[in-house]
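The structure under discussion appears below in the form of structure tokens.
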Amino acid sequence: MYEKVVLTFIFVFLLIISYSIFMGTLDIRSYFFPHLKSPTLEPAPCSPDPPLRVYMYDLPRRFNVEMITHRTASESPVTVKDWPPWPDNWGLKKQHSVEYWMMGSLLHEGEDGESREAVRVFDPEFADAFFVPFFSSLSFNSHGHTMTDPATEIDRQLQVDVMEFLTKSKYWQRSRGRDHIFPMTHPNAFRFLRNQVNDTIQVVVDFGRYPKGMSNLNKDVVSPYVHVVDSFTDDEPEDPYEARSTLLFFRGRTFRKDVCLADC
Ligand SMILES: *[C@@H]1O[C@H](CO)[C@@H](O)[C@H](O)[C@H]1NC(C)=O
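Last residue of the sequence shown: 264 (UniProt numbering), numbering continuous.
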């Protein structure tokens, strides 16, 4: 008698389970393979539409272009009219020039009808992200080369001043910088206060020097050294995704100086 009841119970239980799997109400795959996510949840691999709205802080020129022009200018931020060209003979410094090109592209408003991945907004209330136009790599290269160089003090002071400026901003306070973007391609960029910007989105060339809590793939962006990867200029078709027969990608490295450029 009891046997019958138990068997019936097991039968009904199995019936319910197989019915649920059949109807899709029980996702057994995610139970056994918790890392397998349903592909429909992945974001589409294309540029954002509408474009990302970026607010750029107004920083005095000593934080950016003054390190290129060496002209002591006013406290007013640089504009597209007095944006300096990148110096031709700056070979080595160019490898860290991502900060220069990012700022320049935000200043440049774009031609009519040009589609853009990111546009500058002047009201921080409408921003999706905040760009900090401090050339931290160039600052290290210009002011802070050796640890004992007295000019290092200028590099340190700029970092202190940037943080003082940001921590007063309610947008920084709101997110502890999580939606703030810092280009920091030189491994020594922002070295004095780097652990105050742990939460920010950093543009780096690799993760060789910093602990995971400070810099990692979940939040940061890896950009190649400018001299390592040639520009791909012919990238304007209407539907680049379909039109491309070649996949271009940057094969970054996890560790600095562990790079083979010739055949790998
Ligand atoms: C930033 O991250 C590093 C590494 O995880 C950690 O040692 C440091 O305490 C963090 N700094 C702050 C201010 O949280």
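Note that the Cβ used here is the ideal one computed from N, Cα and C, for glycine as well.
- Between Ile-154 and His-186, the alpha-carbon positions lie close to 17 Å from each other.
- Rounded to whole angstroms, the gap between the alpha carbons of Lys-94 and Asp-239 is 32 Å.
- Nearest in C-alpha terms to Asn-64, of all of Ser-169, Leu-92, Arg-176 and Gln-159, is Gln-159.
- Looking at the backbone, the Cα of Val-98 and that of Tyr-57 are separated by about 17 Å.
- Minimum Cα-Cα distance from Phe-207 among the listed residues Gln-196, Pro-224 and Val-121 corresponds to Pro-224.
- Taking His-143 as reference, the option from Glu-66, Ser-74, Leu-59 and Lys-219 with the minimal CA-CA separation is Glu-66.
- Distances taken from the Cβ of Gln-196 to the heavy atoms of ligand 1 include one shorter than 8 Å.
- In this structure, the CA atom of Arg-61 is about 32 Å from the CA atom of Asp-49.
- An exposed status is given to Pro-87, since fewer than 16 other beta-carbon atoms sit within 10 Å of its beta-carbon.
- If you look at Gln-202, you'll find it in the beta strand (DSSP E) that goes 201-204.
- DSSP, reduced to helix, strand and coil, places His-96 outside both helices and strands of the structure shown, so it counts as coil.
- Per DSSP, the unbroken beta strand (DSSP E) holding Tyr-55 starts and ends at 52-56.
- A Cβ-Cβ contact shorter than 9 Å links Asp-199 with Arg-178.
- Taking all protein chains shown into account, Leu-138 has 16 or more neighbouring C-beta atoms within 10 Å of its C-beta and is therefore buried.
- In the structure shown, the three-state DSSP call for Ala-243 is helix.
- Glu-109 and Ser-76 have their alpha carbons spaced roughly 19 Å apart.
- 9 Å or more divides the Cβ of Phe-122 from the Cβ of Tyr-171.
- Nearest neighbour of Val-203 by Cα position, chosen from Thr-69, Trp-101, Leu-166 and Lys-81, turns out to be Trp-101.
- Under the three-state reduction of DSSP, Val-160 is assigned to helix.
- The beta-bridge partner set that DSSP reports for His-143 is empty.
- In the structure shown, the three-state DSSP call for Arg-62 is helix.
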